[in-house]
Each structure stands twice: as C-alpha cells, then as structure tokens.
Amino acid sequence: MADLKAISDALQLVDSKTQNLKKAFEDLKSHSHLLSSFSLSWSDLESHFTSIQNSLTNRFHALESLESTALQNQPEQKEPSSSLPPKPESRKEQDGVADSVSPRPELKRLCETMDSKGLSKYVSNLPKDREPVRNELPAALKCAPDQEALVLDAMEGFFNANSNSKQNSLKLSNARRGCILLLETLMDNCPNVSNHVTGRAKTLALEWKQSVSKDGKDPLDALGFLHLVAAYKLTSEFNVDELVDYFTIIARYRQATKLCKVVGLGDKVGDLVQKLLDKGKQLLAVKFIFEFELTEKFSPVPILKDYVKESKKAAKAVSKEGKNSLRALNEATAKEVGALKSVIRLIEEYKLDSDYPRVNLEKRIEQLEKQQANRKRPAGASPVMARQKQSQQHQQAKQKFKKQKLQLKKQMSQLVPINRPRMAAPVVSAAVPNIVGVGNPNYPPYQQTRLPSAGLVAELGASYQQSLLQPAGS
Numbered sequence: 001m002a003d004l005k006a007i008s009d010a011l012q013l014v015d016s017k018t019q020n021l022k023k024a025f026e027d028l029k030s031h032s033h034l035l036s037s038f039s040l041s042w043s044d045l046e047s048h049f050t051s052i053q054n055s056l057t058n059r060f061h062a063l064e065s066l067e068s069t070a071l072q073n074q075p076e077q078k079e080p081s082s083s084l085p086p087k088p089e090s091r092k093e094q095d096g097v098a099d100s101v102s103p104r105p106e107l108k109r110l111c112e113t114m115d116s117k118g119l120s121k122y123v124s125n126l127p128k129d130r131e132p133v134r135n136e137l138p139a140a141l142k143c144a145p146d147q148e149a150l151v152l153d154a155m156e157g158f159f160n161a162n163s164n165s166k167q168n169s170l171k172l173s174n175a176r177r178g179c180i181l182l183l184e185t186l187m188d189n190c191p192n193v194s195n196h197v198t199g200r201a202k203t204l205a206l207e208w209k210q211s212v213s214k215d216g217k218d219p220l221d222a223l224g225f226l227h228l229v230a231a232y233k234l235t236s237e238f239n240v241d242e243l244v245d246y247f248t249i250i251a252r253y254r255q256a257t258k259l260c261k262v263v264g265l266g267d268k269v270g271d272l273v274q275k276l277l278d279k280g281k282q283l284l285a286v287k288f289i290f291e292f293e294l295t296e297k298f299s300p301v302p303i304l305k306d307y308v309k310e311s312k313k314a315a316k317a318v319s320k321e322g323k324n325s326l327r328a329l330n331e332a333t334a335k336e337v338g339a340l341k342s343v344i345r346l347i348e349e350y351k352l353d354s355d356y357p358r359v360n361l362e363k364r365i366e367q368l369e370k371q372q373a374n375r376k377r378p379a380g381a382s383p384v385m386a387r388q389k390q391s392q393q394h395q396q397a398k399q400k401f402k403k404q405k406l407q408l409k410k411q412m413s414q415l416v417p418i419n420r421p422r423m424a425a426p427v428v429s430a431a432v433p434n435i436v437g438v439g440n441p442n443y444p445p446y447q448q449t450r451l452p453s454a455g456l457v458a459e460l461g462a463s464y465q466q467s468l469l470q471p472a473g474s
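Numbering (the UniProt record's numbering), first residue to last: 1 to 474.
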C-alpha cells in the first residue's frame, strides 16, 4: 500500500510539473533568436507527456485492481461464502463497455444516488485525474437508475460559471470539459432515451445553440453542443448544413470523426471536407477523407502537396513581415519544418509513400535546419562579441601603422647616406674658412637628397591617430 500511495502522490504532481515545464519552455522560446536552431513546439511536447501520463495512470490503476483482487481473494480461502459477492460485479463488467474499469466508490455513489451537481463538480475538479475517470465513467453511469437524466441534469455546469477573471475562466473551461466528458461517455453507452428526457434535451440544445459562435472563438461551445445532439439523438431537430458549419469549428478535436458518424451527416461529409479545404485546413480534410473513404472524390496527395506549397509561402510571409531579422527567420523555419513533419506523419499513417515519397520532404527539412544552424547572429546580439571585434580592429590598425613605419625607415635609409665624411678638427686661426666644394677635394660637392613626400607622412599620421581614437570600450 505504501508503494501505491507513493506512486499516486507522484502522479498527482505531474500536472504542476508540466506547468512549470511550460513556463520554462516559454522562457526559452523568448530567447530563441539567440539560438542557431529552435523548431520545437509546446503542443508536440505536451502530447508526448500526456501519452506518457495516461500510460502510467492506466498501469497504476491496473496495479490497484490487482491489489484489491488479491485482498478480496485472501478471505475467500477461509470463508467460502465470501466468494459470492464478487460474482455479480464481474457480470456487470461483462455487460458494460469492454474497456471500462471498475469505478471508484465515490464516483459510483454519485451515480447511484443521481447526484448530478456532485457528479459535475467531481468530474470538473479533477482535470489531472480526468483520464482515469474517463475509463471508470462508463461502468459508473450504468449504476445510475436513469443515466440519461443524470447527465442532462449535470449540464448546468456548462453555463453556470462566471468567466470575468482568469481563475473563473479556468474553472469554466474545466467545467465544460467535464460536461463534454459526461456526454461523450453517455453517447458511447448507447442509451435508450425516453421521451420526457428527449424533450428536455431538445430544449437545452436549442438554448445551447444560441451560445455557439460560428467564427470559432470558443470551440468548446460547439463541441459540447454536438455531443449533446449525438448523445440524445437530436440530429433531425436541426438543419444539417448548420451542423456541418459547427463541425468545421471542432474538426481538430479527436472526437470529431466519431461525432460525425454518430450524428449521421451522410453525404454532407463531402461538404465538410470542401469547407475545410476552403479554410486552408488541408491536413484535417485529409483525416476526414480517409475516415469516410472519400479518396475517389478528393485525392489526398495533391491536397498534401498544396499544403506544402502554402506552408512555404506562409514562412516567406513571416520572414518578410519581420524584415528578415534573425528571430523572424527562425520563426519562419520552425513554421515550415513543423508543416513538413506533419505531412510526413500523414504519409506514414495512411501509407502514401508510393504516391508521395517523403525523401524530398526530409531533404527540405535537413536544408532548412542547416540554414538555421549557419545563420549569423545580429551585431547587437552579443556585447562581448562586439567588444572583441573592436579590439581586433584596433590591433590590426596598430600592426598596419608599424608596418608602414618600417617601410618609411627603409625608404629613408636608402635615400640618405649613412657613412658621412669626418670633419677636420677646428683650427683656431684667422685663416679664411674653406668653402665646400672649392679648393678642398676632401669634401664632395653638395647633392640634394630626396626625402619622402609630405603626403605619405600625413597619411601615416592620420592612420595612427585613427587607431588611437577607437572607443574606450574596445
């Protein structure tokens, strides 16, 4: 029991740790312009962590069930009569959904007592435990005397929340997700809806429809409305074209294709695919094309190729809008690389390699990543590098001056004679001094030497002054 409690405590900390990791990721992303390559997205990381968390949670509940089974089997050996109660429970599990798990006592009690408000709060207040609850809900709802009425009464939580503050907005979002989970479970249980419940459900659906905006600002409204229509079989009460518009809003959700089948759009699925294509949602359109076998009407390969072209245009637009700054270029690269990887995943999932080889896409990804790695940092990105560059320029100027100075000395040594004749010792007399070059052969006649031009000297002086006038920081 101690080990299971430790595992349970660790699993409860997963959500808080994920939020901390998200903050760290956002902080890192804000400095992505200083990195040579940054193509990660939080959605990819979150989906990866969620799959791991779900797997661990399912294994944990499997361990719990094994332990409870072992505890139940211990007294059976001593008291044969104690083996009778578990048998009806196993029959209930056989009658329920194949993948359902035995519900926890508090969840089972809420359903048995038809406590709709308590059930809504319980499901909404456990966002980190929602996946285990999802597995337990099918069997729990079957314990209710009237599961259709229970879920319908619980829908009050979808509207009864104030979304003025961020905290209340989070509560509203959790409440709506909890209500959608209840409707989804009821839809999977395939209940026989009674007339009195159908009338109430229709009234609620008409009210719900008024709050759904077709611009997709709050897709949870549309998702909940379609689940209500599917769970209580209300398709005939609404215009199918309107339902298609709502499906374009929630097409990205995992329940979308399943909802389409339960609601029964029929031939209108083709209209849904066309609307997704018109909105530039080619990848979602491909998902519906394969799910409803519409490949003869819509060829998926040209759609994927068109998406690749559009993603390239979108990346160029991002670069242009950011004036080709390093940050804009990195953002554009990440956008295009993400789009190409999404296409490759669809090629793998639907086995389209023969029609659309992914080699060229992988080469393009490699090319983009190399370009990003080789991209230079902006001049103001690193003050240290700027100071180093100034120091190098100063050293180069000094070396250039020294070299020119040596050249000047060499030129002067070649023009001016080094060995000069020795002067005769002065004699104190009144004799007339000898005139150079006249009557004295020991002195050579005067020859004018060619000195360096004033322009060269001025040039050297200016270059040296410029080298000394570097900024103090260098």
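Glycine is no exception: its CB is placed at the ideal position from the N, C-alpha and C atoms. Bear in mind the structure is a predicted one, so any value in this text is a computation, not a measurement.
| query | result |
| --- | --- |
| Arg130 to Ser342 span [Cα, whole Å] | 28 Å |
| Residue of Asn189, Thr113, Asp115, Pro145 minimising C-alpha distance to Leu137 | Asn189 |
| Cβ neighbours of Lys202 in the same chain (closer than 8 Å, five flanking residues each side left out) | Tyr232, Leu234, Glu237 |
| 6 Å Cβ shell around Glu112 - same chain, five flanking residues per side excluded | Cys143 |
| Buried or exposed (CB count within 10 angstroms, at least 16 for buried), Pro85 | In this predicted model, Pro85 has a pLDDT of only 36, less than 50, meaning its place in the structure is not dependable; the value taken from the coordinates is given anyway. It is exposed - the Cβ of Pro85 has fewer than 16 other Cβ atoms within 10 Å. |
| Three-state secondary structure (DSSP) of Ala161 | Because Ala161 carries a pLDDT of 47, less than 50, the predicted location of this residue cannot be relied on, and the following value inherits that uncertainty. Note: Ala161 maps to coil in three-state DSSP. |
| Rounded C-alpha distance that separates Arg364 from Val193 | 54 Å |
| Continuous alpha helix (DSSP H) stretch holding Pro105: start and end | 105-112 |
| Residues near Glu289 by beta carbon distance below 7 Å, same chain, minus five either side | Glu is not the amino acid found at residue 289; the sequence shown has Ile there. Within the same chain, Ile289 has close Cβ partners Val273, Thr295, Phe298, Pro300. |
| Expected contact under 8 Å - CB spacing of Thr57 and Pro132 to nearest Å | 5 Å |
| Counted within 10 angstroms of its Cβ, other Cβ atoms place Ser165 as buried (16 or more) or exposed | Since pLDDT at Ser165 reaches only 45, below the 50 mark, its modelled position is unreliable, and the value read off the structure follows with that caveat. Counting Cβ neighbours within 10 Å, Ser165 comes out exposed, since fewer than 16 surround it. |
| Candidates Val14, Tyr253, Asn324, Gln396, of which the one nearest Ala222 by Cα | Tyr253 |
| Beta-carbon proximity of Leu107 to Ala140, cut-off 8 Å | yes |
| Three-pair Cβ contact test at 8 Å for the region 320-334 versus the region 348-366 | no |
| Secondary structure of Gly280, DSSP reduced to three states | coil |
| Spatial distance of Asp278 from Asp267 (CA atoms) | 18 Å |
| Buried or exposed by the 16-neighbour rule on C-beta atoms within 10 Å, applied to Lys78 | With a pLDDT of 36 at Lys78, under the threshold of 50, the modelled position of that residue is not reliable, and the figure given next carries that caveat. Exposed is the call here. |
| Cβ pair Val244, Leu276 closer than 8 Å | no |
| Rounded separation between Gln372 and Lys323 - CA only | 16 Å |
| Contact test: Pro103 Cβ vs the ligand SAM heavy atom, cutoff 7 Å | In the structure shown, the ligand SAM is absent, as is every other ligand, since no ligand is present at all. |
| Residues of its chain near Asp306, where Cβ-Cβ distance is below 7 Å and the 5 sequence neighbours each way are ignored | Gln282 |
| Sequence-distant residues of its chain with Cβ nearer than 6 Å to Phe247 (five each side left out) | Leu272 |
| Candidates Lys217, Pro219, Gly224, of which the one nearest Glu207 by Cα | Gly224 |
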